[in-house]
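No gaps in the numbering here: position 249 of the sequence shown is 249 in the UniProt record's numbering, and each next residue is one more.
We treat Cβ as the ideally placed atom computed from N, Cα and C, and that holds for glycine.
Quick caveat: nothing in here was measured; it's all calculated off a predicted structure.
Report on the structure given below.
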Amino acid sequence: MLHVLDSALAGQRAGALWGYADTSVWGWAQGLCSLLREEHDRALAEFTEANRVMRALPSTRGVGGFLGPYLLLRTVRGAAGWADVEGPAADRLTEVHWDRPFVGWSRAVLLGREGRAAEAAKTAEEALVGTDTIPLAAHLCLRLGAQAALVDSWGRPLEWLRACERFFHDRGTTRVSAACRALLRDAGSPVPRRREGHDTIPADLRRAGVTPREYEVLRLLGARLGNQEIAEHLFLSPRTVEKHLASLRNRTGQADRAALIALARRYAADR
């Protein structure tokens, strides 16, 4: 999923020559890529820049795609309120199929924040009606909105997070699925074990006792990620990553980090 959006961004950066398509594609794809990497600060900055450029155009008719996620992200962070979700601009957004669920979930978040739990839950569920053809939009609403629902105690946040985790895991969007598991874990809910199975680990590594999690660490090490980056990618602590690396050195007989990197790259080349 993420690599498809990345491909759409080739050559597109803020400061390029902006036409209608440029604004829509860059604002939508760049911001969504950041959401799918769990880089919410960056997504907000990219959506904000796209919105600024869009407003400078002589006409913005037909330009959009990022306004719904932008609204929900700002609402969750406390930067948007009722004036933003009930005004004429929000009403126009509800006419856009992709943006409509984000508007509904923005309203639900505000209702929940005011302690109107039943109204919030009803509004969120209604916003998902008709989203079968836009599953990414629906599950981004679940990802962003469920966290707010957990904080303010409304709706079915654990069920929403499990659905969101499954959706993004099945599509290889590992950072979002890992974030959902972290939220479930923090809420004291059972967490799905979504690691690569032993049958995906090379046979000699399996025989050496390498676990699925250790293999994940090894693959990321082969991509030249540092311990902190690996930790962020897998939602682990740097100390836990170091323990996995020590175990990998012991199991594979590699003397140091450089040897582990070389080993990881050999396996990557064979895949």
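Taking the CA atoms as reference points, Leu-72 sits about 6 Å from Phe-102. Taking a 10 Å sphere around the C-beta of Thr-75, we find 16 or more other C-beta atoms and assign the residue as buried. Within the same chain, Cβ atoms closer than 7 Å to the Cβ of Pro-202 are found at Tyr-267, the five residues on either side in sequence being excluded.
Between the C-alpha atoms of Leu-93 and Asn-51 there is a straight-line separation of about 14 Å. Short of 6 Å from the beta carbon of Ala-146, and not among the five residues preceding or following it, lie these beta carbons of its own chain, in chain order: Pro-157, Trp-160, Leu-161. Here the C-alpha atom of Asp-132 lies approximately 30 Å from the C-alpha atom of Gly-188. Separation of the CB atoms of Arg-206 and Pro-192 is rounded to 22 Å, and the pair is thereby denied contact status at 8 Å. Counting of Cβ neighbours within 10 angstroms places Gln-30 among the buried residues, the total reaching 16 or more. Per DSSP, the continuous alpha helix (DSSP H) segment holding Gly-145 begins and ends at 135-152. Shortest Cα-Cα distance from Leu-136 to any of Ala-246, Glu-86, Asp-84, Trp-28 involves Trp-28. Assignment of Val-176 by DSSP, reduced to helix, strand and coil, places it in the helix class. Taking Ile-261 as the centre and dropping the five residues before and after it, the same chain places the C-beta of Leu-221, Gly-222, Arg-224 closer than 8 Å to its C-beta, in chain order. By a beta-carbon distance limit of 8 Å, Gly-112 does not contact Ala-127. Their separation comes to about 13 Å. For the pair Val-129 and Thr-252, the Cα-to-Cα distance works out to about 51 Å.
In this structure, DSSP gives Glu-86 a state outside helix and strand, which the three-state scheme calls coil. Secondary structure at Gly-112: helix, using DSSP grouped into helix, strand and coil. Contact annotation: His-97 and Ile-134 have beta-carbon atoms nearer than 8 Å. When DSSP states are grouped into helix, strand and coil, Arg-156 belongs to the coil group. A straight-line Cα-Cα distance of about 13 Å links Gly-155 and Leu-144. Take the alpha-carbon of Ala-231 and the one of Pro-238: they are about 5 Å apart. Membership of Phe-47 in the alpha helix (DSSP H) is indicated by the continuous run 40-55.
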